[in-house]
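Input: a single structure, listed below in structure tokens.
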Amino acid sequence: MSSQSRDERSSSAAVDGALGTPDGLDRELLAMAREGKLTGLRSTRIDLVQDWLDRGLSAEATCKRLTAYNRSVVLAVLEAHAEEHPWLRSCTFLEFGSGGRDEQSVGSDQDNGLLMRVSPDPDELDEVTQSIVVALDGAGLALCEGQVMVNNPQWRGDFDDWLARLTGWLSNPAERGSWQSGLVLDFRAVFGAPRDAILLRERLWEYVRTKPIALSLLIGELTDYRMPLTFYGAFVTEKDGPWQGFLNLKKSVLAHLTNGTRILALKYNLPEHNTCDRLRALSAAGHVSSRHAVQLLDGWEYLQRKRLDIALDCARDDAKPHCYVKPSALEPAERDRLKAAIHAVEKLVRLVQAGIGL
2 MSSQSRDERS SSAAVDGALG TPDGLDRELL AMAREGKLTG LRSTRIDLVQ
52 DWLDRGLSAE ATCKRLTAYN RSVVLAVLEA HAEEHPWLRS CTFLEFGSGG
102 RDEQSVGSDQ DNGLLMRVSP DPDELDEVTQ SIVVALDGAG LALCEGQVMV
152 NNPQWRGDFD DWLARLTGWL SNPAERGSWQ SGLVLDFRAV FGAPRDAILL
202 RERLWEYVRT KPIALSLLIG ELTDYRMPLT FYGAFVTEKD GPWQGFLNLK
252 KSVLAHLTNG TRILALKYNL PEHNTCDRLR ALSAAGHVSS RHAVQLLDGW
302 EYLQRKRLDI ALDCARDDAK PHCYVKPSAL EPAERDRLKA AIHAVEKLVR
352 LVQAGIGL
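In this text, residue positions in the sequence shown follow the working numbering: the first is 2, and each later residue adds one.
Below, the structure written as structure tokens:
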């Protein structure tokens, strides 16, 4: 008998080989979802990521594999629920944010929505969507603290509901709440008819490109950017609280790289979903210099790899993942690489803010 556990076998199939079946559904994961036995996937996910990194995979490749694995889990959970509630097959399950960009890290939470072509009984809808998010949480995809999940009525509706809601949020950020454009502009279908999600994305991106106010508001999200380095090259870290002396890699650097790249992708109507793929496409088309693109790609790789390492350490200590690093604890070469990433991102942000090519 194989020494591999059932979880490990299904996990490998989900990321290394067409998800197990021609329709993309892993049958072992489906059986586990039917039986409510997905809790073991938490540790399996950690082991997979550690193995990929140990084998020399880049952070980019690792995040793409991890997102594909998580997507296979979502697909199994949705299929298991659709067997009991067939109306789900007329809906499209949307994945937002890092999942929509194939950039999930260890500990990424749920950011999802339901695009509906039917109107099921309201009580049944509430019950089913609550069951879905709880099942995904049990499988290691944590509940979203901002309630960006299908059990929230704000994150489900028909095509017209979604288009009106998202364009409204993009034209009036105060209505959107604390979510950045990275959440509502980066999404893709996981379950159901992908054409609805594709059409929604096309309509939404066209809206942003043709509405100067919408584009200016997106650029405005970058106006508060302050390079986390002083004039003399010292890191600007948290001044008090539990993270005093630490730097938030995601909030202070990576989010601005992602947002700046997305704005340029919007401007030039690039089809790529992933930040690294967008940077390559922008460079190939001459919209970003090849040298700057290389610097940004290296910065993204460093920042995301650091996030993966931190998350793995947290998982081993049974602690909540975070994005903080203490610059004073880094080796000199690593501090230099972090500074290079910050400078590359600052250059990108300033170019976007100045309206170059926009």
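For each residue, glycine too, the CB sits at the ideal point set by N, CA and C.
Relative to the C-alpha of residue i, which candidate in the options has its C-alpha closest?
i, options, result
"S91", "D159, L313 and T224", "D159"
"V326", "L95, R263 and G246", "G246"
"G141", "L42, L76, S182 and E96", "L42"
"H82", "L31, G356, L116 and R281", "L31"
"L216", "A69, G98, R196 and T168", "T168"
"A342", "A355, G234 and N270", "G234"
"L58", "H323, A330, E302 and L349", "E302"
"L258", "L26, A294, E146 and H86", "A294"
"G287", "Y269, G300, T276 and E273", "Y269"
"D103", "L184, P121 and W88", "L184"
"V129", "L280, K65 and E84", "E84"
"M33", "A77, G261, T262 and P213", "A77"
"P195", "T211, R210 and L95", "L95"
"N275", "R35, A60 and P87", "A60"
For a test of the three-state rule: what should DSSP assign to residue i, helix, strand or coil?
i, result
"N71", "helix"
"A14", "Model confidence at A14 stands at a pLDDT of 40, short of 50, so the residue's coordinates are unreliable and nothing is read from them."
"T22", "Confidence at T22 is low in this model, with a pLDDT of 36, below 50, so its placement is unreliable and the value that follows should be read with caution. The answer is coil: DSSP assigns T22 none of H, G, I, E or B."
"N1", "This structure gives no information on residue 1, because the portion of the chain shown stretches from 2 to 359."
"R281", "helix"
"N249", "strand"
"R157", "strand"
"Y325", "strand"
"M150", "coil"
"G114", "strand"
"L230", "strand"
Between residue i and residue j, is the Cβ-Cβ spacing less than 9 Å?
i, j, result
"V107", "L313", "yes"
"L248", "F236", "yes"
"Q111", "D138", "yes"
"V151", "I133", "yes"
"L297", "A266", "no"
"K252", "L304", "no"
Let's see if you can read the secondary structure: which residues bound the beta strand (DSSP E) around residue i?
i, result
"L304", "Careful: L304 lies outside any beta strand (DSSP E), inside the alpha helix (DSSP H) at S291 to R317."
"A190", "F188 to F192"
"E96", "C92 to F97"
Do you know offhand how far residue i's Cα is from residue j's?
i, j, result
"R202", "D278", "18 Å"
"E29", "V119", "29 Å"
"T93", "N113", "10 Å"
"R336", "Y70", "32 Å"
"L230", "K240", "14 Å"
"L79", "Q131", "12 Å"
"A355", "G100", "30 Å"
"F192", "L39", "18 Å"
"L349", "L54", "28 Å"
"P154", "A190", "18 Å"
9 Å is my cut-off, CB to CB: does residue i come that close to chain B?
i, result
"L164", "In summary, chain B is missing from the structure at hand, where a single protein chain is found."
Need the endpoints of the alpha helix (DSSP H) that residue i sits in, please.
i, result
"N260", "A256 to K268"
"W53", "L42 to D55"
"E203", "P195 to T211"
"G139", "P123 to G139"
"L39", "No alpha helix (DSSP H) contains L39, which DSSP labels as neither H nor E."
"K240", "From DSSP, K240 is part of no alpha helix (DSSP H); its letter is neither H nor E."
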